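>
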Ligand SMILES: [Zn+2]
């Protein structure tokens, strides 16, 4: 056994305790005893560096690693609801740098850049508490919905980015008539397979927002069975599930919407802050 490091009592400790917006009710793997007060530690130097790696950020590794490091009470961060991840990410920023966050804003009118201070505490307090989610009732089934997970959001971001690349490629080659003549079928095939991928992913994502389905006899939680079910029901039911899931997965706009007044030209602009670092790459 290695001797206990006498320095360990100086190691970082939680400097902030928060409650998850969902209260952790969709994550039975989190210990019940910590749910009301989840400790959040400040970042280490390694955490900070890993957040600067674009590849790790895009595939979600950076965020998962960050939560594992700073919020040890969470055993499997990729299973968390995305809204909980957003709250934790802000809380980690808070624990590391304090409540003031600097946001650089470029005025849309005069293009002057200025720094604004944003209070993280204020944003965190405006996160919703996701209490009870109304199920979708269809025939004699009760379809219980949960908010979208970090894992789903990450996969969607990656596919969306791929999709954008495919479209950009096709657009670029469309200007070359000779190329288009020769490659027409291959372009069509590329597009088709790309759209199929998205369609399949949408079914995957939808199956992930179904927590369980209650039949008169039993409760189904098996993801494969739920996916098969989704592939065999009318589209309007799918749309209902989709709408319900979207409603509960998004943080209210006002939580992260701010009005900036340009100090140069006094132009006012509403800006929505991006909270999830994964989205930095897929936006715009
Ligand atoms: Zn301005």
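Residue numbers (our numbering): 19 to 302.
Don't be surprised by glycine CBs; every beta carbon is placed ideally from N, CA and C.
Values in this document were obtained by computation on a predicted structure and should not be read as measured data.
Nearest to residue 229 by CA position, among 220, 218 and 241, is which residue?
In the chain shown, residue 229 corresponds to position 211, counting from 1. Nearest C-alpha to residue 229: 241.
> Ignoring anything shorter than 3 residues, give me the beta strand (DSSP E) runs that lie fully in the segment 100-144, in order along the chain.
As far as the segment 100-144 is concerned, its whole beta strand (DSSP E) runs of at least 3 residues are 118-124 and 131-137.
> Report the rounded CA-to-CA distance for residue 36 versus residue 291, giving the unit in angstroms.
Taking the first residue of the chain shown as position 1, residue 36 is located at position 18. Taking the first residue of the chain shown as position 1, residue 291 is located at position 273. Looking at the two C-alpha atoms, the distance is approximately 21 Å.
> Who pairs with residue 278 in a beta bridge, going by DSSP?
Your numbering for residue 278 matches position 260 in the chain shown. Paired residue(s): 287.
> Where does the unbroken alpha helix (DSSP H) through residue 83 begin, and where does it stop?
What you label residue 83 is simply residue 65 of the chain shown in a count that begins at 1. Residue 83 -> alpha helix (DSSP H) spans 79-88.
> With burial defined as no fewer than 16 other Cβ atoms inside 10 Å of the residue's Cβ, what is the status of residue 128: buried or exposed?
Along the chain shown, one-based indexing puts residue 128 at 110. The residue is exposed, with fewer than 16 neighbouring Cβ atoms inside 10 Å.
> Would you call residue 61 buried or exposed, if buried means 16 or more other Cβ atoms sit within 10 Å of its Cβ?
Here residue 61 refers to the residue found at position 43 of the chain shown. Flag for residue 61 reads buried.
> Identify every run of the alpha helix (DSSP H) within the segment 194-253, keeping only runs that are complete inside it and at least 4 residues long; order them along the chain.
Fully enclosed alpha helix (DSSP H) runs of 4 or longer: 195-226 and 241-248.
> Take residue 304 and list the residues in its own chain whose beta-carbon comes closer than 7 Å to its own, dropping the five residues that flank it on each side.
Given a span of 19 to 302 for the chain in the structure shown, any question on residue 304 remains unanswerable.
> Can you give the Cα-Cα distance for residue 33 and residue 65, rounded to whole angstroms?
Reading the chain shown from its first residue, position 15 is the one you call residue 33. Reading the chain shown from its first residue, position 47 is the one you call residue 65. Rounded to whole angstroms, residue 33 to residue 65 spans 16 Å at the Cα level.
> Which class does residue 162 belong to by DSSP, given the choice of helix, strand or coil?
Here residue 162 refers to the residue found at position 144 of the chain shown. Residue 162 falls in the strand class under three-state DSSP.
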